[in-house]
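**Q** Okay, here's the structure, questions in a sec.
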Amino acid sequence: MVETSGGGSGRLHPHGQRRSVAAFLAANKTLLAAAWVVGFTLVFLWQSAKVSVGGGGGGGGGFLRLRSAPPSSPPRPAPLLRPKAYKLTDFGGVGDGRAVNTEAFERAIKAIAALAERGGGQLNVPPGRWLTAPFNLTSHMTLFLAEGSEILGIPDERYWPLMPALPSYGYGRERKGPRFGSLIHGQNLKDVVITGYNGSINGQGEVWWMKHRRRILNNTRPPLLQLMWSKDIIVANITLKNSPFWHFHPYDCTNITVSNVTILAPISSAPNTDGIDPDSCQDVLIENCYISVGDDAIAVKSGWDQYGIAYGRPSRNIVIRNVMARSLVSAGISIGSEMSGGIANVTVEDVRIWESRRGLRIKTAIGRGGYIRDISYRNITFDNVRAGIVIKVDYNEHADDGYDRDAFPDITNISFKEIHGRGVRVPVRAHGSSDIPIKDISFQDMSIGISYKKKHIFQCSFIEGRVIGSVFPKPCENLDLYNEQGQLVKRAAMWKLHGYMTRSSGVKAVNKRSIMKQGWTELEEVLLGKKFSMVQNHLDQTLHHDQAVVNHDHHIVSN
């Protein structure tokens, strides 16, 4: 209602004005909401799509015109890393995922090989899906994968060449006779770089995995990337995925760097798709990698049984750091089991292993020969790992029946420091044997949250070494105990220190006393293998019981 003053001026009363506005707003909510949306949309278009007012090219009347969105930014140009660079399309490459580009790769690499005396060349793989059969690299070459580029391995095995068996393996790893060559291959090369803006190399391994499971392949499956007898290799800033077999297998190579590489395969249906397997290699750096695959994320190797012993090339001077690894069916970081040429001086540090069957694993067997020594693990984190640290000396898979039953591997000087985690069922399972004892092992600064509450979750046998400072859960009694300052606190009982017994209740008192009479100096020599026969007679009657104990512990956490 409109109220007027006594003077009849007709001026609106403030209270009446407010009531009228409120009534109007209440009656027109929908109309006002629509007007607000239209207004907001126009402002948004003006700001982000650059609404312009003007005529057409012919100077017609004014109208609203929406400028088209700017085109997507072009791909980042590849840096020039060699004196000369080519594009795969220069040689007829077609990146539609259907055309086969093998000849384009071969022509490009042939052109680069001609530049060897002038610093080599660079092959840029543009965005696209580049289907190809296997091809060989050349020396002084950079293969650069642009963002959005993907090299695809052709799934038809008829396109994959067969190669001789590796000399340190005796025959193809899975089948006797020749093996399939890798998708990207090289032999006797120098100065090879595979890098990019995180482009991918995809082995399309699904068909290979299916044929392997059905046992219809006659030859060992191919790796994705294999370089042999080569040096000065860099693999960086790319993704490897879905290899038919191992993803990257450097074989008898020197001076290798693998950095900022992502490696992916299904974690439960891609058999033997190891991430990185340096094999009889030296001076290797693997860093800043993310690996989630269907077998070991990283496995250091050096040949198999009598063939590896004869080949005699160790893997040594290897650093693995800043790696995230997952292996639901195997281990995050493995050494072996093919280690017959020897493995030494390996450092594994700043590694996180999650959702895996095992965290760190050393595996070998009678017949392997060789050695595993000077291995250091530091700052390792386990997250939901079934078994944290595993040392296994009965990995009885052999190239053939001709292996030497007296070829015993030597395992010495293995250190674990700053080992932490949660959700671990068995933190340590380290079982040597009477033929392959584990010597000079150490655990320091170790705290692992456990998910398995039964006894004997820190398992060891046939082992000698020390515990330094705080270690949780409680370690086995086979080990000497030192404080944080390195001072001896408690010597392992001598009858346990030799490693033949996992718990004292399994040893008769007469045997304990007999071993004690040998004296500490004599027993130290026994541990070093110098006077094994001195106490053998006292221990023979306990071996059967100890093996039963080991088998029981093994059953608790099955392989």
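Terminal number for the sequence shown in the working numbering: 557, no gaps in between. Where is the CB? At the ideal position from N, CA and C, for every residue including glycine. Bear in mind the structure is a predicted one, so any value in this text is a computation, not a measurement.
1. What are the start and end residues of the alpha helix (DSSP H) that includes Asp303?
2. Within 10 Å of its beta-carbon, does Glu395 have 16 or more other beta-carbons around it, so buried, or fewer, so exposed?
3. Which word fits Gln485, buried or exposed, when buried means at least 16 other C-beta atoms lie within 10 angstroms of its C-beta?
4. Per DSSP, what kind of secondary structure is Leu129 in: helix, strand or coil?
5. Would you list the one or two residues that DSSP bridges to Phe380?
6. Taking the alpha-carbon of His138 as reference, which of Ser335, Gly118, Val123 has the nearest alpha-carbon?
7. Closer than 7 Å, CB to CB, is Ser449 near chain B or not?
8. Just checking, does the segment 265 to 283 make contact with the segment 174 to 192 on the three C-beta pairs under 8 Å criterion?
9. So, at 6 Å on beta carbons, what are the nonlocal neighbours of Leu143 in its own chain, with the 5 sequence-adjacent residues on each side left out?
10. Whose CA, out of Ala112, Gln202, Asp478, Ala308, lies closest to the CA of Trp128?
11. To the nearest angstrom, how far is it from the Cα of Ala397 to the Cα of Asn253?
12. May I ask you to verify whether the segment 286 to 294 touches the segment 315 to 328, counting CB pairs closer than 8 Å and requiring at least 3?
13. Nearest to Thr140 by CA position, among Gly151, Thr130, Gln120, is which residue?
14. How many Å lie between Ile436 and Glu462 at the Cα?
15. Using a Cβ-Cβ cutoff of less than 7 Å, which residues in the same chain neighbour Asp443 once the five nearest sequence positions on both sides are dropped?
16. Is Lys108 helix, strand or coil by DSSP?
17. Distance, Cα to Cα, Tyr559 vs Ser328?
18. Helix, strand or coil for His247, going by three-state DSSP, please let me know.
19. For Gly184, which beta-bridge partners are listed by DSSP?
20. Grab me the residues of Glu148's own chain with a C-beta within less than 6 Å of its C-beta, minus the 5 sequence neighbours each way, in chain order.
21. How would you call Phe470, buried or exposed, if buried means at least 16 neighbouring beta carbons within 10 angstroms?
22. Pick out whichever of Asp250, Lys174, His245 has its Cα sitting closest to the Cα of Thr218.
23. So the candidates are Arg356, Asn382, Pro81, Thr100; which of them puts its Cα closest to the Cα of Ala112?
24. Once DSSP output is grouped into helix, strand and coil, what is the label at Leu141?
25. Which residue or residues does DSSP assign as beta-bridge partners of Lys390?
26. Going by other Cβ atoms of all chains shown within 10 Å of its Cβ, with 16 needed for buried, is Glu336 buried or exposed?
27. Please classify Ser266: is it buried, with 16 or more other beta-carbons within 10 angstroms of its beta-carbon, or exposed?
28. In this structure, what does DSSP give as the bridge partners for Tyr157?
29. Within a Cβ cutoff of 7 Å, which residues of the same chain sit near Ser338, ignoring the five residues on either side of it in sequence?
30. Quick check: what's the CA-CA separation for His210 versus Ile351?
31. Starting from Glu285, follow its DSSP beta bridges and name the residues at the other end.
32. Hey, how far is the Cα of Glu101 from the Cα of Gly91?
33. Under 6 Å Cβ to Cβ from Thr260, same chain only, skipping five residues before and after it: list those, please.
34. Assuming Gly184 and Leu222 make a contact with CB atoms under 8 Å, what is their CB distance in whole Å?
35. Among the candidates Trp227, Phe89, Gly400, Phe178, whose CA atom is the shortest distance from the CA of Pro159?
36. Please check the pair Arg371 and Ala342, which I expect to be a contact at CB under 8 Å, by giving their CB distance rounded to whole angstroms.
**A** Considering the structure as presented:
1. 303 to 309
2. exposed
3. exposed
4. strand
5. Ile351, Gly419
6. Gly118
7. No chain B is present in this structure, which holds just one protein chain.
8. no
9. Val123, Gly194, Gly197, Ile236
10. Gln202
11. 29 Å
12. yes
13. Gln120
14. 6 Å
15. Lys415, Glu416, Gly467, Ser468
16. helix
17. Because the chain here runs from -1 to 557, residue 559 falls outside it and cannot be looked at.
18. strand
19. Leu225
20. Arg127, Ser198, Asn200
21. exposed
22. Lys174
23. Pro81
24. strand
25. Lys361, His429
26. buried
27. exposed
28. The partner list for Tyr157 (beta bridge, DSSP) is empty, contrary to what the question assumes.
29. Ser300, Gly301, Trp302, Asp303, Gly306, Ile307, Arg366, Gly367, Gly368
30. 28 Å
31. Ser257, Arg319
32. 8 Å
33. Thr237, Tyr288
34. Rounded, the Cβ-Cβ distance is 13 Å, inconsistent with contact.
35. Phe178
36. 5 Å
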